[in-house]
Amino acid sequence: MSQIQSLQKSPRVNASLLPRFHGQMIRLPCRVVQIKEEEGILLVEASDGGEVTILDNKNAIVKDPIIEVVGKVVGNTCVAMATCVNMGDNLGMFFLSELLRVALRDMKLVDDTIKLIHDPRFFGKMF
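See below:
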């Protein structure tokens, strides 16, 4: 599978789901906690509150506190970043509904959505 095909089939996950996707491309909506440039890593908080280490891709520019990491799971709490999507400092601006704008301030709705996507009743129909 090419890298472009891998990027197209990359389910959104939270920290607790990472072990299920070892060696696969994923999308991780998260909040940047710390950037350790000298070590080439980012420490992020996933939507479920779990801490994840991101192996930095020097070509990806992290400029916002909320990002979506696209990368390969290389450990239970570690992702090798292929790229990232900068999502600003307030996720709400990406949604049309005022209700969602208010709810997304703490990323709980993002995590609830991820859990529903991975519910066995729905996962096979989406991926």
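In numbering that gives the first Met the number 0, the protein residues as written are 0 to 126. For glycine and all other residues, C-beta sits at the position ideal for the given N, C-alpha and C. The structure displayed is predicted, hence computed values, not measured ones.
Taking all protein chains shown into account, decide if residue i is buried (16 or more other Cβ within 10 angstroms of its Cβ) or exposed.
i: Val68; result: buried
i: Pro119; result: exposed
i: Lys71; result: buried
i: Pro18; result: exposed
i: Ile25; result: buried
i: Asn43; result: According to the sequence provided, residue 43 is Val. The question's Asn does not apply to it. Counting Cβ neighbours within 10 Å, Val43 comes out buried, since at least 16 surround it.
i: Asp55; result: buried
Is residue i helix, strand or coil when you go by DSSP?
i: Val68; result: strand
i: Val61; result: coil
i: Gly123; result: helix
i: Thr82; result: strand
Any idea which residues DSSP pairs residue i with across the strands?
i: Gln33; result: Leu42
i: Pro10; result: According to DSSP, which records beta bridges pairwise, Pro10 is partnered with nothing at all.
i: Asn56; result: According to DSSP, which records beta bridges pairwise, Asn56 is partnered with nothing at all.
i: Ile25; result: Gly70
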